[in-house]
Structure formats: structure tokens, C-alpha cells
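In this note's numbering, the protein residues as written are 1 to 169.
Cβ atoms here follow ideal geometry from the backbone N, Cα and C, with glycine treated the same way.
Treat the numbers as computed from the prediction; the structure is a model and nothing was measured.
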């Protein structure tokens, strides 16, 4: 269901490649996946709704605190060029894949979200892969607080579960 390093199912190749992000060269951090009992179009619609709710409030306050680029949301969720607090959509293929990148003074990162249809037609696998670098001693401490503590895993799995639960209604 979810876990780091699991391979994608389409053609035996991962939808979220391990190693380094081919776009940015950032190193692989983790991958999480969840099976959603809905088609890819419904999962994508739900994903954009859930992500669209991340505007303002705590997300933007945190982005400003760490001097994230971009700091605020703009444009329709998950459309090319639109932003979320701390992330910009640099690739978007509706129903298939979205790539978001961002940076702040403690990290540079990429989030790849991919949708894979289950071969037996039972639904869609929603995959989220993270790539990041945490430069310098403060970056090291930040990685410990965010990644090694499990906070990142909890946040990503929570996002995937919210999308699954809403899409299956």
C-alpha cells in the first residue's frame, strides 16, 4: 500500500524513479503509494480539490517563516505554473502526473505525484515521491526534524489518505 522505494507497476518501471530526480538532480528521499478504488480522472479531480485547500493559513505562514519560494498559492491547483505555499508546478499531465518543485533556506525539493491504473481495473494507485537536498549544518538539523522524525511521512501519507477517502465517496 505505501512505503519507501516500492516500484511502479506500469511496464515494470517506477512512475516515481528512485536515485535522482531526472529534472533537478536532487537525491531520492522516499515514495508512498495508496490504492484508490476510483478511476484516474476521479482521483485527479479529488487531488486538485484537496491540494487546493492548502491555500493560506498555516501553509503560507510556514512558507514565509522558512523563506520558501514561492511563499503563496496562485493559479488553479496543479496546473502548469501555478503555485502552492513552498511549491511551483513545473509539469502537469492531468490524470497522470504532476511535478512540483520548491526551495527555502534549509532545503531544495521536488514532489512527483503520479497516478497508475491498476491492471485489473480495481482502481488507481496514487504515488507521491520526494527528492530533496538539505545543505549545510542547519539543513542537516532540518532533515532530522522533518524527514528522520517521520513528520514528512505522516504528512504525505495523510494527504494520500485524504485523497483516497474523498475519491471513494
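Could you pull out every unbroken beta strand (DSSP E) segment of at least 3 residues lying fully inside the segment 17–44, listed in chain order?
Qualifying beta strand (DSSP E) stretches, in chain order: 28–36.
Identify which residue in 21, 138, 164 and 33 has its Cα closest to the Cα of residue 90.
One-based indexing of the chain shown puts residue 90 at position 90. The shortest Cα separation from residue 90 among 21, 138, 164 and 33 belongs to 21.
Quick check on residue 38: buried or exposed, where buried means 16 or more other Cβ atoms within 10 Å of its Cβ?
Here residue 38 refers to the residue found at position 38 when the chain shown is read from its first residue. So residue 38 ends up on the buried side.
Are the beta-carbon atoms belonging to residue 164 and residue 36 less than 7 Å from one another?
In the chain shown, counting from the first residue as 1, residue 164 sits at position 164. In the chain shown, counting from the first residue as 1, residue 36 sits at position 36. Here residue 164 is near residue 36, since their CB atoms are less than 7 Å apart.
Would you list the one or two residues that DSSP bridges to residue 104?
Sequence index remark: in the chain shown, residue 104 carries index 104 (1-based). 107, per the DSSP bridge assignment.
Relative to the alpha-carbon of residue 63, which residue among 86, 107 and 34 has its alpha-carbon at the smallest distance?
Within the chain shown, the letter at position 63 stands for residue 63. In terms of Cα proximity to residue 63, the closest of 86, 107 and 34 is 86.
Who are the near neighbours of residue 138 in its chain, counting only those whose CB is closer than 8 Å to its CB and skipping five residues on each side?
Stepping through the chain shown from its first residue, residue 138 is reached at position 138. Leaving aside the five residues that flank residue 138 on each side, the residues in its chain whose CB is nearer than 8 Å to its CB run, in chain order, 105 and 106.
6 Å CB neighbourhood of residue 71 in its chain, flanking five on each side removed
Against the chain shown, residue 71 aligns to sequence position 71. Same-chain partners within the cutoff: 63 and 64.
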